[in-house]
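Undergrad:
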Amino acid sequence: MSLSDADMVEFRDAAADDLPAIVEMMRDDVLGSAREGDTSSDASLVPYRRAFDLIEADPSQRLIVGIFHRQPICCAQLSILPGLSHGGATRAQIEGVRVASSMRGRGIGNVLIDHLMAEARSTGAQIVQLTSDKRRGDARRFYERLGFEASHVGMKRLL
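Residue numbers for the sequence shown follow the numbering used here, beginning at 886 and rising by one.
#1: Have a look at residue 902 and residue 996 and give me their C-alpha separation to the nearest angstrom.
#2: So what does DSSP say about residue 1003, is it helix, strand or coil?
#3: Do residue 894 and residue 951 count as a contact pair if the criterion is CB distance below 8 Å?
#4: Going by DSSP, what residues sit across from residue 964 in a beta bridge?
#5: Under 8 Å, with one C-beta from each stretch per pair, do the stretch 995-1010 and the stretch 946-962 reach the 3-pair mark?
#6: What residue from 1015, 910, 907, 1037 has the CA that sits closest to residue 1031's CA?
#7: Quick check: the Cα distance between residue 1034 and residue 968, rounded to an integer number of angstroms?
#8: Applying the criterion that 16 or more other CB atoms from any shown protein chain within 10 Å of the CB defines a buried residue, is residue 1036 buried or exposed?
#9: Roughly how far, in whole angstroms, is the beta-carbon of residue 977 from the beta-carbon of residue 965, given that I think they are within contact range, below 8 Å?
#10: Could you give the DSSP three-state label for residue 937: helix, strand or coil?
#11: Is it true that the CB of residue 909 sits closer than 8 Å to the CB of residue 924?
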């Protein structure tokens, strides 16, 4: 029995050196290419490094990468949110899920979400939630296959 690529992914907290690969994954679709910066210079990474430092300093936040052959090939942010509703249930918010385009279709997304769910459980979270842009039909179908339900209408407003 051979291991699949997905079985060989190792997860860890992201390091600052992972930022160029993470930003490239965020840029690697129609929506991301229009809103994310490039990684061609250290100066272009300054806002991402500031955000990374804030995430790394906050014990309720984790930026997780999946490593395959020593390269980051997937990532997501996991935020732990204490709350009063649902009897004081803690929620885990999953954001920024990305799989490198060269690795899609190999089950990497499944093992990433499984890992995030396990990490959420280990914090005592009782609910896991995420949002997906309504223009990302494939992503929505992926999350539905994993048991997520479109139970709410999400709204955003830029400040």
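We put the beta carbon where it would ideally sit given N, CA and C, even for glycine. Remember, it's a predicted structure, so these values are computed and weren't measured experimentally.
TA: So, to answer that:
#1: Rounded to the nearest angstrom, the two C-alpha atoms are 23 Å apart.
#2: Helix, per DSSP.
#3: Result yes, Cβ atoms of residue 951 and residue 894 sit closer than 8 Å.
#4: Answer by DSSP bridge pairing, in chain order: 946, 978.
#5: Cβ pair count under 8 Å is three or more, so yes.
#6: The residue with the shortest Cα to Cα distance from residue 1031 is 1015.
#7: Those two C-alpha atoms are separated by around 20 Å.
#8: Exposed is the call here.
#9: Contact check for residue 977 and residue 965: beta-carbon distance about 6 Å, within the 8 Å limit, so the pair qualifies.
#10: In the structure shown, residue 937 adopts helical secondary structure according to DSSP, grouped into three states.
#11: Contact flag set, yes.
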